[in-house]
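Colleague:
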Amino acid sequence: MTKKTSKPILDLKKIRDDLLTDLSRHGLPEKLIKALLSIAIAVLCGTLLLIGVYLLPASGIDRHVRSSADTIAKEGTYPRLSELCTSQLDNFTDSIMLLEAAYSSGSPLRDAMSVPRGYMEGRDVPETLTAHYIGGEPFDDEIWYARYWHGYLVFLKPLLAVMDYPALRTLNGILQAALVILISALLYRRGHRIAMLSYQLSYAMLMPVALASSLQFSSCFYVFNLACLALLLQKENDLRAKAPKLFLWCGILTAFFDLLTYPIAAFGMPMVFYLLLTGDDAAESKIVSLVRNGISWCLGFGGMWAAKWLLASAITGKNVIAEGLYRVAIRTYIPSEIDPSRYGWLECEIKNYGAFFATPFTAGAILLAGYLICRCLKAKKNSGRSLTLPLLPFALAALIPVAWHAFAVNHSTVHYWFTNKACVVSLTAILFGLAGFLDQKRQAS
3 MTKKTSKPIL DLKKIRDDLL TDLSRHGLPE KLIKALLSIA IAVLCGTLLL
53 IGVYLLPASG IDRHVRSSAD TIAKEGTYPR LSELCTSQLD NFTDSIMLLE
103 AAYSSGSPLR DAMSVPRGYM EGRDVPETLT AHYIGGEPFD DEIWYARYWH
153 GYLVFLKPLL AVMDYPALRT LNGILQAALV ILISALLYRR GHRIAMLSYQ
203 LSYAMLMPVA LASSLQFSSC FYVFNLACLA LLLQKENDLR AKAPKLFLWC
253 GILTAFFDLL TYPIAAFGMP MVFYLLLTGD DAAESKIVSL VRNGISWCLG
303 FGGMWAAKWL LASAITGKNV IAEGLYRVAI RTYIPSEIDP SRYGWLECEI
353 KNYGAFFATP FTAGAILLAG YLICRCLKAK KNSGRSLTLP LLPFALAALI
403 PVAWHAFAVN HSTVHYWFTN KACVVSLTAI LFGLAGFLDQ KRQAS
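3 is the number of the first residue of the sequence shown in the working numbering; add one for each residue after it.
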């Protein structure tokens with residue numbers, strides 16, 4: 003009697019062959035050249051935009067930063083909206099952004115590359131802001147923050163010319179809510195009603211009031227939601243072909259606008275949307291797409307960031323490359339005199355996921371997940387379809403923040419109170435995976 007061999011759940015050979023085909027394809031050098039050209043275009047446009055906003059008159063910006071300093075002085079450096087949940091604001095970094103927006107050395111090109119701000123000996127950033135703009139004390143010197151692009155200044159400087167910090171927070175909240183409503187409407191129109199509810203719950207888990215109140219938290223939110231919007235607006239036939247380029251530009255924009263808050267969400271959230279929108283694809287194809295789009299995003303993110311180091315070093319004469327590499331070493335695993343601690347990966351994950359789920363909406367997320375699991379198990383039982391294979395790509399996507407935390411373990415442990423927002427990828431991936439399975443079951447019936 004011959005022994006019956008069980009068929010593997012996943013065709014690993016197909017995944018390997020498809021990836022090798024992508025890597026060995028004749029057009030790969032051409033695609034790489036096009037990607038580098040896109041990064042070069044982004045560098046040129048980003049530099050010109052930053053130079054342009056540094057040409058704006060300083061009087062209006064200075065006036066509104068002065069009134070903004072009153073808010074920082076009243077609230078303090080790290081205010082919390084509630085002691086019962088994760089709701090700490092980052093007025094420290096927002097003070098940096100305000101000081102940068104108001105400061106000018108008189109050389110737009112130099113400022114665009116060095117991103118200077120006023121400095122006072124012995125005082126932290128919020129104290130410097132309030133001492134100068136409320137107390138009228140002069141700056142002792144200037145300090146550079148050259149290793150990031152600070153692309154948010156393209157919007158922040160013009161807005162500060164017409165409004166102050168509290169008004170910016172209000173506008174931020176309105177724009178974020180409008181974006182969520184638009185994406186929800188498109189999900190509904192495409193028939194993904196359960197996914198729409200899951201997306202809205204994921205947004206709630208990000209603590210919308212805190213998200214709108216800290217400019218620091220907003221850059222990645224806009225990047226990943228605009229990328230999700232772009233995916234939803236694509237025709238189904240074009241989606242797969244255009245996705246790598248979209249993820250490339252998503253990585254570029256993340257590096258341009260973000261100050262290393264929760265950048266991996268700018269890959270993870272659009273990727274989860276992509277998996278949902280390509281629901282008819284085989285699990286193997288989705289996993290290949292996850293890897294392919296991940297490479298595109300990393301190329302855009304890393305290439306754009308490295309370009310800033312190179313360009314800033316060439317223009318300012320300061321070794322921004324060495325400074326950047328040193329900071330990367332600190333924020334990954336290597337201890338230094340700035341932070342001699344070596345943090346553990348498990349500690350990092352517990353801190354981040356613990357903070358993410360410390361919200362008033364957690365019970366709703368658990369109930370929705372439980373409800374969807376019960377429905378999926380019932381649908382599987384009635385149809386005989388396997389639940390494991392359709393959920394596998396989403397399960398891998400759910401691990402994206404885990405992998406990021408393992409890489410940037412220092413940064414993600416020290417700043418867990420805002421890096422935890424990357425965990426929204428895990429929640430959305432689980433909910434979208436279950437919702438997608440039910441969508442496929444409904445379409446098949």
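Glycine residues also receive a C-beta, built at the ideal position from the N, C-alpha and C atoms.
#1: Quick one: any contact between the segment 46 to 66 and the segment 142 to 157, if contact means 3 or more CB pairs under 8 Å?
#2: Return yes when the Cβ of G253 is within less than 8 Å of the Cβ of G302, no when it is not.
#3: Candidates Y105, L348, S200: which alpha carbon is nearest Y418's?
#4: In chain order, what residues of the same chain lie with their CB nearer than 8 Å to the CB of E286, ignoring the 5 residues before and after it?
#5: Assuming P128 and N93 form a contact by the criterion Cβ under 8 Å, report the distance between their Cβ atoms to the nearest whole angstrom.
#6: Run through DSSP, which three-state label would E85 get?
#7: Are the beta-carbon atoms of L374 and L436 separated by less than 8 Å?
#8: Where does T172 land, buried or exposed, given buried means 16+ other C-beta within 10 angstroms?
#9: Hey, which unbroken runs of the alpha helix (DSSP H) at 4 residues or more fall wholly within the segment 6 to 66?
#10: I'd like the list of long-range same chain contacts for A309, defined as Cβ closer than 7 Å, with 5 residues on each side in sequence excluded.
#11: Go to P362, then tell me how far its alpha helix (DSSP H) extends in each direction, as first and last residue.
#12: Pair every Cβ in the segment 420 to 439 with every Cβ in the segment 187 to 199, then say whether three or more of these pairs are closer than 8 Å.
#13: Do you know offhand how far T430's Cα is from Y345's?
#14: Based on the DSSP secondary-structure assignment, which residues constitute the bridge partners of R119?
#15: In three-state terms, what does DSSP make of Q178?
#16: Please go through the same chain and pick out, in chain order, the residues whose beta-carbon is closer than 8 Å to the beta-carbon of A316, but skip the five residues on each side of it.
#17: Going by alpha carbons, who is nearest to V293 out of T256, A245, A229, G304?
#18: Of the choices G304, Y150, A367, whose alpha-carbon is the least far from that of Q202?
#19: From the DSSP secondary-structure annotation, give me the bridge partner or partners of Q90.
#20: Cβ atoms of N422 and A371: under 8 Å apart, would you say?
#21: Check whether the Cβ atoms of A257 and W307 lie closer than 8 Å to each other.
#22: Anyone know if the C-beta pair for Y150 and A114 falls short of 8 Å?
#23: T280 by DSSP, collapsed to three states: which one?
#24: Near I98, what residues of its chain come up, given a Cβ to Cβ distance below 8 Å and the 5 sequence neighbours on each side ignored?
#25: Can you list, in chain order, the residues of its chain with a C-beta nearer than 6 Å to that of T130? Leave out the 5 residues immediately preceding and following it.
#26: Tell me which same chain residues have a C-beta within less than 8 Å of the C-beta of L401, skipping the five on either side of it?
#27: If contacts are defined as beta-carbon pairs under 8 Å, then F249 and P265 qualify, I think. What distance do you get, rounded to the angstrom?
Modeller: Reading off the structure:
#1: yes
#2: Working through the sequence shown from its first residue, we reach residue 302 at position 300. Working through the sequence shown from its first residue, we reach residue 253 at position 251. Yes. Within cutoff.
#3: Working through the sequence shown from its first residue, we reach residue 418 at position 416. Comparing Cα-Cα distances from Y418 to each of Y105, L348, S200, the minimum goes to L348.
#4: Taking the first residue of the sequence shown as position 1, residue 286 is located at position 284. Here E286 has L12, D13, K16, I17, D20 as same chain residues with Cβ atoms under 8 Å from its own Cβ, once five neighbours each way along the sequence are excluded.
#5: Your numbering for residue 128 matches position 126 in the sequence shown. Your numbering for residue 93 matches position 91 in the sequence shown. Right, the Cβ-Cβ distance comes to about 6 Å (below 8 Å), so this counts as a contact.
#6: Working through the sequence shown from its first residue, we reach residue 85 at position 83. Three-state result, E85: coil.
#7: As a working mapping, residue 374 is identified with position 372 in the sequence shown. As a working mapping, residue 436 is identified with position 434 in the sequence shown. Against a cut-off of 8 Å, the Cβ pair of L436 and L374 comes out as a contact.
#8: Numbered from 1 along the sequence shown, position 170 holds the residue referred to as residue 172. T172 is exposed by the Cβ-count criterion.
#9: 14 to 26, 30 to 56
#10: Position 307 of the sequence shown, counted from the first residue, corresponds to residue 309. Here the set comprises I41, V45.
#11: Stepping through the sequence shown from its first residue, residue 362 is reached at position 360. Element bounds for P362: n/a, residue is neither H nor E.
#12: yes
#13: Indexing the sequence shown from 1 puts residue 430 at position 428. Indexing the sequence shown from 1 puts residue 345 at position 343. For T430 and Y345, the distance between alpha carbons rounds to 27 Å.
#14: For this step, residue 119 is matched to residue 117 along the sequence shown. Looking at the DSSP assignment, R119 forms a beta bridge with I145.
#15: To locate residue 178, count along the sequence shown from 1; it is residue 176. Note: Q178 maps to helix in three-state DSSP.
#16: Position 314 of the sequence shown, counting from 1, holds the residue named residue 316. Closer than 8 Å at the Cβ level, and outside the excluded window around A316, lies no residue.
#17: Taking the first residue of the sequence shown as position 1, residue 293 is located at position 291. Out of T256, A245, A229, G304, A245 has the C-alpha closest to the C-alpha of V293.
#18: Position 200 of the sequence shown holds residue 202. Out of G304, Y150, A367, A367 has the C-alpha closest to the C-alpha of Q202.
#19: On the sequence shown, residue 90 is found 88 positions in, with the first residue counted as 1. R82.
#20: The residue labelled residue 371 in the question sits at position 369 within the sequence shown. The residue labelled residue 422 in the question sits at position 420 within the sequence shown. Not closer than 8 Å, so no.
#21: Working through the sequence shown from its first residue, we reach residue 257 at position 255. Working through the sequence shown from its first residue, we reach residue 307 at position 305. Closer than 8 Å, so yes.
#22: Sequence index remark: in the sequence shown, residue 150 carries index 148 (1-based). Sequence index remark: in the sequence shown, residue 114 carries index 112 (1-based). Not a contact, by the Cβ cut-off of 8 Å.
#23: For the purposes of this step, residue 280 is taken as residue 278 along the sequence shown, with counting starting at 1. Coil.
#24: Here residue 98 refers to the residue found at position 96 of the sequence shown. If the five residues before and after I98 are omitted, its C-beta is found closer than 8 Å to the C-beta atoms of R119, V127, Y147, all from its own chain and listed in chain order.
#25: Position 128 of the sequence shown, counting from 1, holds the residue named residue 130. Closer than 6 Å at Cβ, skipping near neighbours: M122.
#26: Here residue 401 corresponds to residue number 399 of the sequence shown, with the count starting at 1. Same-chain partners within the cutoff: S428.
#27: Indexing the sequence shown from 1 puts residue 249 at position 247. Indexing the sequence shown from 1 puts residue 265 at position 263. F249 to P265, Cβ: 13 Å. No contact.
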